[in-house]
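A.B. asks: One structure, pasted below without further comment.
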Amino acid sequence: MPRRFIPYGRQYIDDEDIGGVIKVLKSDWITTGPRIDEFEKALCKYTSAKFGVAVNSGTSALDIAIACLGLPKNSEIITTPFTFVATPNAILYNSHRPVFCDISEDTFNIDPREIKKNITKKTRAIVLVDFAGQPCDIEELREIAEENDLYLVEDSCHSLGAEYKNKKVGSLADITIFSFHPVKQITTGEGGMAVTNNEEHAEKMRMLRNHGIDIDVQKRFGPNTGYAYDLKLLGRNYRMTDFQAALGISQLKKLKKFIVRREEIVKTYNSHFKNIELITTPTVRPYNKSAHHLYTILLNSTISRDEFFNKMRELYIGVNVHYIPVYHHSYYKEHMTVSASDFRVSENVYKRILSLPLHQGLEERDIKYIVDSVKSLLKDRE
Ligand SMILES: *Cc1c(COP(=O)(O)O)cnc(C)c1O
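Take any residue in the sequence shown, note its place counting from 1, add 16, and you have its number in our numbering.
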């Protein structure tokens, strides 16, 4: 037995990260200062995007990304039900209507064929989610978007560092958003960023994160400025602190190493599970490089996932279910008419899927313990 619970995801923070944070705490700017610019530039350099807007969460990044498009109220925005609730919630914050489309059987990403079926005169955008760290088929989606005059927003909260045909996510869609929650590849505690190549969108998002005010905070509080500012849009306070940005800068330097480690763990899991008939291991398409946010297995339908889940938790292994399809949540049931039977693949996957722990801090003995536990529980079933 391990001495402690093994979570499915966890931050990895070292003394260098902590040193960077302390330095900022002792400096003049602890929020909206020079570290924010530095973090934005560093992430842009990494992803090849032109502009970055750092905010206090991935959810806030999604909110301003959708808001900056300036779509008419009640626009239909196509998205996946197989995601964290933050994705469609951000559509609702902006008074638009999420339209869910079923997912592909191999990647669990939104199925382009389903998107085509659901486009109407009111459709204005598609919000993609790169499930588990694997990019969506962006070329195919871009074609659909161009034909139908739709914006593409990529929720890359799982996929920082992932590549589609040798291109990093970040400049594939019109706007791409990232989260730096502790379970994601790199962390700032809470935090997020929206990146884009469109300068107008970037400027609008900058205003929206700061109430809708037109002047940069650093300029407003500098020595040679007046008191005047103008509220141009109705924004919110979504600002990130400089000590969070310092943590992000330091973490970003290690991202490559983190992904390599995640990849190693995925390979170990795959090699142990590939010959077990009761388990289907995850599929990554040959032209994709996953950032490996989650390691999900599908259990054979003869096994009760919930029973398996409980037994793993009893063994102190932090398995999880990603995701309960969004339309199952009470709020969505109350506010939308969606029938689960319209989502054959999502429903089937939801009943069988299980996430095993995957993060850069997992130790070899943890991995062995997890593999052995899975194998022995399944042996009992045979
Ligand atoms: C984590 C996550 C979010 C939200 O990010 P926060 O930083 O927690 O607000 C949104 N979408 C997906 C797919 C996520 O995994």
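Heads up, the beta-carbon is just placed ideally off N, CA and C, and yes, glycines get one too.
#1: For residue 102 and residue 78, what's the separation of their Cα atoms in angstroms?
#2: Let's see if you can read the secondary structure: which residues bound the beta strand (DSSP E) around residue 47?
#3: Measuring only from the beta carbon, is residue 178 closer than 8 Å to any heavy atom that is part of ligand 1?
#4: When DSSP labels each residue in this structure, what does residue 1 get in the three-state scheme?
#5: Could you pull the DSSP bridge partners for residue 113 from this structure?
#6: Please classify residue 226 as buried or exposed, where buried requires at least 16 neighbouring CB atoms within 10 angstroms.
#7: Can we count residue 100 as close to ligand 1, meaning its CB is less than 8 Å from some heavy atom?
#8: Apply the 10 Å Cβ neighbour rule to residue 250 and answer buried if 16 or more other Cβ atoms are within range, or exposed otherwise.
#9: Can you give me the C-alpha to C-alpha distance between residue 160 and residue 132, rounded to a whole angstrom?
#10: Ignoring anything shorter than 4 residues or poking outside the region 30 to 84, list the alpha helix (DSSP H) runs there in chain order.
#11: Which residues mark the beginning and the end of the alpha helix (DSSP H) in which residue 193 is found?
#12: Which residue or residues does DSSP assign as beta-bridge partners of residue 210?
#13: Give me the Cα-Cα distance between residue 271 and residue 206, rounded to the nearest whole angstrom.
#14: If you count every other CB in all the chains shown that lies within 10 Å of the CB of residue 92, and 16 or more means buried, which is it?
#15: Within 8 Å: the Cβ of residue 283 and any heavy atom of ligand 1?
#16: Taking a contact to mean a Cβ-Cβ separation below 9 Å, would you say residue 25 touches residue 394 in this structure?
#17: Using 8 Å as the threshold, is the region 118 to 125 in touch with the region 383 to 391, meaning 3 or more CB pairs across them?
#18: Are residue 95 and residue 117 close, meaning C-beta to C-beta below 9 Å?
#19: State the Cα-Cα distance for the pair residue 240 and residue 234, rounded to the nearest angstrom.
#20: Is the number of C-beta pairs between the region 140 to 158 and the region 27 to 43 that are closer than 8 Å three or more?
#21: Residue 371 lies in the beta strand (DSSP E); which residues open and close that run?
#22: Indicate the three-state DSSP secondary structure (helix, strand or coil) for residue 145 in the structure shown.
#23: What is the DSSP secondary structure of residue 118, reduced to helix, strand or coil?
#24: If you measure between the beta carbons of residue 81 and residue 221, is that distance less than 9 Å?
#25: Out of 265, 175, 211, point me to the one whose CA is closest to residue 190's CA.
#26: Going by beta carbon distance, what residues of the same chain come within less than 8 Å of residue 54, once the five residues before and after it are set aside?
#27: Would you say the beta carbon of residue 430 comes nearer than 8 Å to a heavy atom of ligand 1?
#28: If contacts are defined as beta-carbon pairs under 8 Å, then residue 315 and residue 331 qualify, I think. What distance do you get, rounded to the angstrom?
#29: Any idea what DSSP makes of residue 134, helix, strand or coil?
#30: Are there 16 or more other CB atoms within 10 angstroms of the CB of residue 243, so buried, or fewer, so exposed?
#31: Note down the Cα distance separating residue 67 from residue 291, rounded to an integer number of angstroms.
C.D. replies: On the basis of the coordinates in this document:
#1: 8 Å
#2: Taken as a continuous stretch (DSSP letters only), residue 47 belongs to no beta strand (DSSP E), as it is neither H nor E.
#3: no
#4: Within the shown structure, residues of the chain are numbered from 17 to 398, placing residue 1 beyond reach of any answer.
#5: 92
#6: buried
#7: yes
#8: exposed
#9: 7 Å
#10: The region 30 to 84 contains these whole alpha helix (DSSP H) runs: 31 to 41, 50 to 63, 74 to 83.
#11: Membership of residue 193 in any alpha helix (DSSP H) is not indicated; the residue belongs instead to the beta strand (DSSP E) covering 191 to 195.
#12: 69, 193
#13: 17 Å
#14: buried
#15: no
#16: no
#17: Touching, no.
#18: yes
#19: 11 Å
#20: When Cβ pairs closer than 8 Å are counted between the two stretches, the region 140 to 158 is seen not to touch the region 27 to 43, the count staying below three.
#21: Per DSSP, residue 371 belongs to the beta strand (DSSP E) from 369 to 372.
#22: strand
#23: coil
#24: Note that the C-beta distance between residue 81 and residue 221 is below 9 Å.
#25: 211
#26: 261, 265
#27: Residue coverage of the chain in this structure runs from 17 to 398, which leaves residue 430 outside it and unanswerable.
#28: Going by Cβ atoms, the distance from residue 315 to residue 331 rounds to 16 Å, so no, they are not a contact pair.
#29: In the structure shown, the three-state DSSP call for residue 134 is helix.
#30: exposed
#31: So the alpha carbons of these two residues sit roughly 45 Å apart.
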